[in-house]
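Structure first, commentary second.
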Ligand code: F6P
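Residue numbers (full-length UniProt numbering): 13 to 335.
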């Protein structure tokens, strides 16, 4: 390859910058002459907002959160004619391959794009949610978990001082990976995730009973945001009916920002470098991810059709650690 491009797409995640740096530097050090950065994900691809990157352009970003290329959720890219237009734009610039860093929606776009246009594409799993099938880990998950933990440790201090009960909502619209890991690591009294159904009333009655028997203690309930935006408020309301005075804290986009952890910098740098190596070795239509500590490739078709399930045994541990 003489010229390749890369983009970041969907919700940003801490570690996208070291991934960009890993791709750009590896490509330039491996004989690829031109590396282009596409601004704002697929939106910038359609708009032709594509600029050459040098080794210097990615200086001093390994420690920075967010993405220097900016990101967007691009609904237009779901239209085949728009994807064909994007391919024309790449061809006009002499760009022969594309690397996409993003979540599940971005991997779907990547697969359809290469299938329809023949332009080789490699995907990298970049999302705080850790919900990409085929990879045990995603760029940004570790940082998001640690950011949430930092916040909850502070909440625990005040909860202990006031013997109060907190409902802490973490991100994860479709998945409870963040909630489960955060819940175990912060010592949550209870964890609620979208993967497992529960009876709201029973859950609140049990919790109220637990609290009644343990005066003097704090309580932290970690709730994954899930698809239902009112869930946390409904749990709070039910608990109030049962005589509790829960306080709500929604951590929200705080979890998407901040300097990537050492783990995420390492993961992102290695996946970025590997994406280029896979491309140069002739691979196409794959995502480069991690399984049992090793870097592997998975067909994008499999990534977008499989689902990644929350380990039931690990989730069960959240119910075993309360007093
Ligand atoms: O996919 C990452 C994520 O942070 C989810 O956890 C969350 O549900 C969603 O993005 C929020 O997206 P937006 O910033 O577009 O509201």
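All residues carry an ideal CB built from backbone N, CA and C; glycine is no exception.
Computed from a predicted model, the values in this text were never measured in an experiment.
By how many angstroms is the C-alpha of residue j removed from the C-alpha of residue i?
i	j	result
residue 103	residue 168	55 Å
residue 45	residue 17	11 Å
residue 84	residue 304	31 Å
residue 284	residue 34	5 Å
residue 275	residue 253	43 Å
residue 262	residue 293	45 Å
residue 190	residue 335	22 Å
residue 269	residue 188	19 Å
residue 24	residue 99	24 Å
residue 251	residue 57	49 Å
residue 209	residue 242	16 Å
residue 296	residue 68	28 Å
residue 150	residue 225	40 Å
residue 286	residue 154	20 Å
residue 106	residue 125	17 Å
residue 53	residue 122	11 Å
residue 96	residue 89	10 Å
residue 175	residue 206	28 Å
residue 148	residue 93	34 Å
Per DSSP, what kind of secondary structure is residue i in: helix, strand or coil?
i	result
residue 30	helix
residue 290	helix
residue 249	helix
residue 216	helix
residue 240	coil
residue 15	strand
residue 157	helix
residue 70	helix
residue 198	helix
residue 183	coil
residue 138	strand
residue 162	helix
residue 7	What the structure shows of the chain is the stretch from 13 to 335, and residue 7 is not part of that stretch, so it cannot be assessed.
residue 296	coil
residue 331	coil
residue 235	strand
residue 309	strand
residue 144	coil
residue 36	helix
residue 178	strand
residue 337	The structure shown has nothing for residue 337, since the chain only spans 13 to 335.
residue 65	strand
Take residue i and list the residues in its own chain whose beta-carbon comes closer than 8 Å to its own, dropping the five residues that flank it on each side.
i	result
residue 314	145, 146
residue 247	179, 204, 212, 215, 216, 233, 235, 258
residue 73	29, 30, 32, 33, 80
residue 298	134, 135, 290, 309, 310, 311, 312
If you drop the 5 nearest sequence neighbours on each side, which residues of the same chain put their C-beta closer than 6 Å to that of residue i?
i	result
residue 14	45
residue 160	182, 194, 263, 267
residue 113	20, 28, 31, 136, 138
residue 50	17, 19, 56, 57, 62
Would residue i count as contacting chain B if we go by Cβ distances under 8 Å?
i	result
residue 255	Protein chains in the displayed structure number just one, and chain B is not present.
Only counting the same chain, and skipping five residues up and downstream in sequence, which positions put a Cβ closer than 7 Å to that of residue i?
i	result
residue 65	36, 47, 48, 49
residue 70	32, 33, 36, 37
When you measure from the CB of residue i to every non-hydrogen atom of the ligand ADP, does any distance come out below 7 Å?
i	result
residue 305	For the structure depicted, the ligand ADP is absent and the ligand set comprises only the ligand F6P.
For the stretch 106 to 136, which segments carrying the beta strand (DSSP E) assignment without a break, of at least 3 residues, lie completely within its bounds, in sequence order? 109 to 114
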